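See below for the structure under consideration.
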Amino acid sequence: MNICRTESSNCETLKRKEEVKKFKKKIEIETRRGPWTVEEDMKLISYISLHGEGKWNFLSHSAGLNRTGKSCRLRWLNYLRPDIRRGDISVQEQFIILELHSRWGNRWSKIAQHLPGRTDNEIKNYWRTRVQKHAKLLKCDVNSKQFKDIIKHYWMPRLLERIASTQNVESVPNQYSSATTAATSYTSSSSESVRSSFYGGDQMEYGTKLDSNGGDWFNDGDALETLWSFDELNNWLLE
DNA sequence: AACAGTCCCAACCGCGAATGA
DNA sequence: CTCATTCGCGGTTGGGACTGT
Numbered sequence: 456m457n458i459c460r461t462e463s464s465n466c467e468t469l470k471r472k473e474e475v476k477k478f479k480k481k482i483e484i485e486t487r488r489g490p491w492t493v494e495e496d497m498k499l500i501s502y503i504s505l506h507g508e509g510k511w512n513f514l515s516h517s518a519g520l521n522r523t524g525k526s527c528r529l530r531w532l533n534y535l536r537p538d539i540r541r542g543d544i545s546v547q548e549q550f551i552i553l554e555l556h557s558r559w560g561n562r563w564s565k566i567a568q569h570l571p572g573r574t575d576n577e578i579k580n581y582w583r584t585r586v587q588k589h590a591k592l593l594k595c596d597v598n599s600k601q602f603k604d605i606i607k608h609y610w611m612p613r614l615l616e617r618i619a620s621t622q623n624v625e626s627v628p629n630q631y632s633s634a635t636t637a638a639t640s641y642t643s644s645s646s647e648s649v650r651s652s653f654y655g656g657d658q659m660e661y662g663t664k665l666d667s668n669g670g671d672w673f674n675d676g677d678a679l680e681t682l683w684s685f686d687e688l689n690n691w692l693l694e
């Protein structure tokens, strides 16, 4: 008897959930989707500058935007926020992404927290378009041990060398200068010790080092494609 | 110039977690 | 404790930009 009652109650709940889902879908269909217009952007920016972020569904309605709260949040966080950094992912940023990804995997938002001005979406896109492309060219799985070894023992040292060679040490903020030292000795030392000297130890928060005052230091373009030739890398793999 | 293929990124989707009533 | 709502995350996709033929 009780079981019957419970079953029918569960059934009711499921039905209701389905109805709510359908209703939400209907609302979402009625709201605008696709690329944002300048007008919508302006509405969102001016509303947030007056009232702040959060309560996205309410915000969307109050700002007169016919969008889901979700869509507003995404647009703001990934595109309109004033502290967003634009342009290529720098060598330094590439290094950090590779390093942090090796630790945490696809925890994009966590990785993004250590790259000020970069969004999780941007980092995710970088990984999918650049890093996975390289894995594909090398005919190995991006999650395979082989590819992880390539990153750790080949790619990252190259990035550090690159950092050192393109760096005018005088122009580097003090807190970063250890990267240059690290780079010169990376190939002959363990990756762990290099990591320590680059970051100042495991406990160091990357964000504290990579503040927006880095200036041009970040903007030396996408060096990834020029780091190695695939013949070279294949030889290394065969060794 | 025209077309096809590829790259890249903004935006969407589904799901689980967090929060509030 | 339960349920509804909102938020945030990671995965995926559509389509414009770019490149090669």
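First residue of the first sequence? That's 456 in the numbering used here, and the numbers climb one at a time after it. Every residue, glycine too, gets a C-beta built ideally from N, C-alpha and C. Since the structure is predicted, the reported quantities are computational estimates derived from the model, not experimental observations.
- Listed in chain order, the beta strand (DSSP E) runs fully inside the region 517 to 542 amount to none, counting runs of at least 3 residues.
- Across the structure, I618 and R585 are spaced so that their CA atoms are roughly 19 Å apart.
- Annotation: Y609 is outside any alpha helix (DSSP H) and is labelled neither H nor E by DSSP.
- Nearest C-alpha to L520 among H506, Y534, R487 and I605: R487.
- In this structure, F513 sits away from L614, with a CB-CB distance that is not shorter than 8 Å.
- Put simply, of R536, W531 and E577 the residue whose alpha carbon is nearest the alpha carbon of G542 is E577.
- Here the C-alpha atom of S517 lies approximately 12 Å from the C-alpha atom of C527.
- Between the C-alpha atoms of W610 and Y502 there is a straight-line separation of about 44 Å.
- Secondary structure within the region 577 to 609: the alpha helix (DSSP H) runs of 4 or more consecutive residues, fully enclosed, are 587 to 592 and 600 to 605 (chain order).
- Counting C-beta atoms within 10 angstroms of its own C-beta, H506 has fewer than 16 neighbours from the protein chains shown and is therefore classed as exposed.
- The beta-carbon separation of I566 and I552, rounded to 6 Å, stays under the 8 Å limit for a contact.
- Counting along the chain, no alpha helix (DSSP H) covers S545, and no H or E run does either.
- Here DSSP, grouped into helix, strand and coil, assigns N561 to coil.
- For D538, same chain residues with a beta-carbon under 6 Å away, outside a window of 5 residues either side, are G572 in chain order.
- Take the alpha-carbon of H589 and the one of C595: they are about 9 Å apart.
- The shortest CA-to-CA distance from V493 to any of K510, G560, K525 and Y534 is the one to Y534.
- In the three-state reduction of the DSSP assignment, W511 falls in the helix class.
- Residues of the same chain with a CB within less than 6 Å of the CB of E548, apart from the 5 flanking positions on each side, are L570 in chain order.
- Around the C-beta of W531, 16 or more other C-beta atoms lie within 10 Å, and the residue is accordingly described as buried.
- Residue environment analysis places S515 among the buried positions, since at least 16 neighbouring C-beta atoms fall within 10 angstroms of its C-beta.
- With at least 16 other beta carbons inside 10 angstroms of its own, L555 counts as buried.
- Your pair L592 and F602 does not check out as a contact, with CB atoms roughly 11 Å apart and the cut at 8 Å.
- Annotation for H506: the continuous alpha helix (DSSP H) segment containing it runs V493 to H506.
- From the listed residues R522, E495 and S557, the smallest Cα separation to K600 is found for S557.
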